[in-house]
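If you read the protein sequences in the order shown, they are chains A and B.
Under this note's numbering, the residues of the first sequence are numbered 1 to 160, in order.
Under this note's numbering, the residues of the second sequence are numbered 1001 to 1177, in order.
Where a beta carbon is used, it is the ideal one built from N, C-alpha and C, also for glycine.
Input: a single structure, listed below in C-alpha cells.
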Amino acid sequence: MPFALMTSSEEAWTPPTVKDRLQFAWLQAPADPMTAALVRTELGCWLRAGVATDEELVDDILLAVYEAFANAAEYAYLGHTTPGTVDVQARVDADSDSLTVIVTDRGRWRPSHSEPGDPARRLRGRGIPLMKALASDASIETTANGTEVSLTWRGLLGPT
Amino acid sequence: VIAQLKCNSGRTPNVGFWTRGLIYDRQLWQLSADEVAHGRADEQEYTMVDETAAASGEHPPGRDGCSLTSTWVGRVVVVTAKGTIDVLTAPRLTEAVDAALVEAPSGLIVDLSEVEFLASAGMSVLIEAHEKTSGSAGFGVVAAGPVTSRPMRLVGIHEIVAMYETLDSAIRGLNDA
C-alpha cells in the first residue's frame, strides 16, 4: 500500500487501488492539474520499475497519458460546480508485449465552439494529435456517460 | 514532519521537486522520517530526500517544478525554462514571455534545453509567443532531445516556429534574420 499513510487532506482522495507488475490503476483521481502531475509521477515510477525499458518510450507514454488526463481535467467537467474524477488504468499484456492505458472520465467533452484565439481551444487542438502521434494506437470514445481514451503501445521490450 | 519524497525507480530529477511541491501545497503526504525509514511508506518507490541537498541543487526549480529566468544578449531576450512545462506551469511561461516583450526586444528566444517535461499546454504558449512577436521581434525556440523537440515536431510546431538545437545557433539565427 504505497499511500497507506496519506492522511489529513481536506480534499476527497482515493488512493490507487491496484499497482503491481502488470497493472496500475488510479481510480477516482480528482480531475485537476495537480493530480494530473501526480498521476504522471506515479505512472512514471511504475513504468520505470520494469514495464518499459526504453526511456524514450517511457517519456512518450507519460506525455500521452498526461494529455489524456489534462483534457479530461480541462473539458469533461466544464460548468460543473464540483470537480469530477478520472480513472487511469494501465495493463501490460505480456503475451503481445504491449501496454494499454485507459483514461476515463464521467463528464462530457464540450465541442470546441470557442474563438480561434482562445488558448483552451489551442491546447485541446494539440493534445489529441499528440496522443495519437505518441501511441501505437489511440482511440477516443465519447458516450452519454463520459469519455474513454485508450492508448496502446507495442514492443515494450524493444526488438528482440 | 512533512516528508519530502523522491521517486527511486528512475532518473527523473523533477519528480522529487514535484512531490515536494505537492506536499507543501496540499499536504497530501504527512509522515515522519521514522515512518519512511521503517518502511511504512513504500520504500521500494520512495526515499526521503535531504531538503538542503535539494535546495542547493544546481538549478533549483520553483515549488511547482519549473524555473524561469530572463537574460539579455544584446537586444535579444532569452527566457530560459527548466523542469516541467505543463498545464500548471504554462501560465508562468506566458507571464515570463509577456514580461520580456514589454522591454521591446529585437528578438525573443525561449530556451527549453533543460526542460524535462513539455505538455501541449506549453507548446500553445510557444505558438502564442510566435503570434505576439510577429511583426515586432524575431522569435525562436531552443529545443533538442526526446522530451521537447520530438513531441513538438510530431504535432508540427517546427513548421510554425523557428526551432534551434542550441542557444548559440538561435542567437545567430535571430541576428541574421
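Own chain partners of residue i with C-beta closer than 7 Å, once the 5 adjacent residues on each side are dropped
i	result
Val51 of chain A	Val92, Leu99 and Leu156
Thr60 of chain A	According to the sequence as given, residue 60 of chain A is Asp; it is not Thr. Hits under 7 Å: Leu134.
Pro1105 of chain B	Arg1075, Val1076, Val1077 and Ala1137
Pro1151 of chain B	Leu1118
Ala1055 of chain B	The predicted model places Ala1055 of chain B with a pLDDT of 37, which falls under 50 and marks its position as unreliable; any figure quoted below should be read in that light. Contacts found: none.
Listed by chain order, chain B residues near residue i by CB distance under 7 Å
i	result
Arg126 of chain A	Ser1120, Met1123, Ser1124 and Val1155
Pro129 of chain A	Val1155
Ala135 of chain A	Correct list: empty, because the minimum Cβ distance to chain B is about 11 Å.
Glu56 of chain A	Pro1146
Glu67 of chain A	Ala1119 and Ser1120
Cβ neighbours of residue i in the same chain (closer than 8 Å, five flanking residues each side left out)
i	result
Glu1121 of chain B	Per the sequence shown, the amino acid found at residue 1121 of chain B is Ala instead of Glu. The answer, listed in chain order, is Ile1085, Asp1086, Val1087 and Ala1090.
Asp32 of chain A	Ala73 and Pro83
Val58 of chain A	Gly44, Leu47, Arg48 and Ala52
Ala36 of chain A	Tyr66, Phe69, Ala70 and Ala73
Gly146 of chain A	Ala76, Thr104, Asp105, Arg106, Gly107 and Arg108
Ala1177 of chain B	Gly1107 and Gly1138
6 Å CB neighbourhood of residue i in its chain, flanking five on each side removed
i	result
Val1073 of chain B	Ile1171
Thr1133 of chain B	Leu1108 and Phe1139
Gln23 of chain A	Arg91
Val88 of chain A	Trp26, Val39 and Val103
Thr1094 of chain B	Val1125
Leu166 of chain A	Since the first residue shown for chain A is 1 and the last is 160, residue 166 of chain A is missing from the structure and cannot be characterised.
Glu1165 of chain B	Ala1144
Glu1058 of chain B	The predicted position of Glu1058 of chain B is uncertain, since its pLDDT is 35 and thus under 50; a value taken from the coordinates is nonetheless stated next. Nothing listed; no residue qualifies.
Amino acids of chain A, ordered along the chain, whose beta-carbon sits closer than 7 Å to that of residue i
i	result
Leu1088 of chain B	Pro33, Met34 and Ala37
Contacts of residue i in chain A (Cβ-Cβ under 8 Å)
i	result
Val1161 of chain B	Within chain A, no residue comes near Val1161 of chain B; the closest Cβ sits about 12 Å away, beyond 8 Å.
Val1147 of chain B	Asp59 and Leu63
Pro1105 of chain B	Here the premise fails: no neighbours, minimum Cβ distance about 23 Å.
Listed by chain order, chain C residues near residue i by CB distance under 7 Å
i	result
Ala94 of chain A	Included in the structure are the protein chains A and B, with no chain C among them.
Beta-bridge partners of residue i, as assigned by DSSP
i	result
Met1163 of chain B	B:Val1141
Glu141 of chain A	A:Glu148
Asp105 of chain A	A:Val86 and A:Thr147
Leu99 of chain A	A:Val92 and A:Trp153
Ala29 of chain A	A:Val86
Contacts of residue i in chain B (Cβ-Cβ under 8 Å)
i	result
Leu157 of chain A	Within chain B, no residue comes near Leu157 of chain A; the closest Cβ sits about 17 Å away, beyond 8 Å.
Tyr75 of chain A	Chain B residues near Tyr75 of chain A: none, gap ~12 Å exceeds 8 Å.
Expected contact under 8 Å - CB spacing of residue i and residue j to nearest Å
i	j	result
Glu1116 of chain B	Val1147 of chain B	6 Å
Ala70 of chain A	Leu130 of chain A	Wrong, their Cβ atoms sit about 10 Å apart, outside the cutoff.
Leu1174 of chain B	Val1076 of chain B	6 Å
Val1142 of chain B	Leu1112 of chain B	6 Å
Gln28 of chain A	Thr85 of chain A	4 Å
Asp198 of chain A	Arg21 of chain A	Absent from the structure is residue 198 of chain A, since the part of chain A shown begins at 1 and ends at 160.
Arg126 of chain A	Val1079 of chain B	Arg126 of chain A to Val1079 of chain B, Cβ: 20 Å. No contact.
beta-carbon residue i near the ligand SAH non-hydrogen atom, thresh 8 Å
i	result
Val1078 of chain B	The ligand SAH is not among the ligands present in this structure, which contains no ligands whatsoever.
Interface residues of chain B facing residue i [CB-CB closer than 9 Å]
i	result
Ala29 of chain A	Chain B residues near Ala29 of chain A: none, gap ~12 Å exceeds 9 Å.
Ala70 of chain A	Asp1086, Val1087, Ala1119, Ser1120 and Ala1121
Start-end ranges of the beta strand (DSSP E) lying completely within the stretch 1066–1151 of chain B, minimum 3 residues:
1066–1073, 1076–1085, 1107–1118 and 1138–1142, all fully within the stretch 1066–1151 of chain B.
In chain order, what are the residue ranges of uninterrupted alpha helix (DSSP H) at least 4 long that sit wholly in the stretch 32–82 of chain A?
33–46 and 55–71
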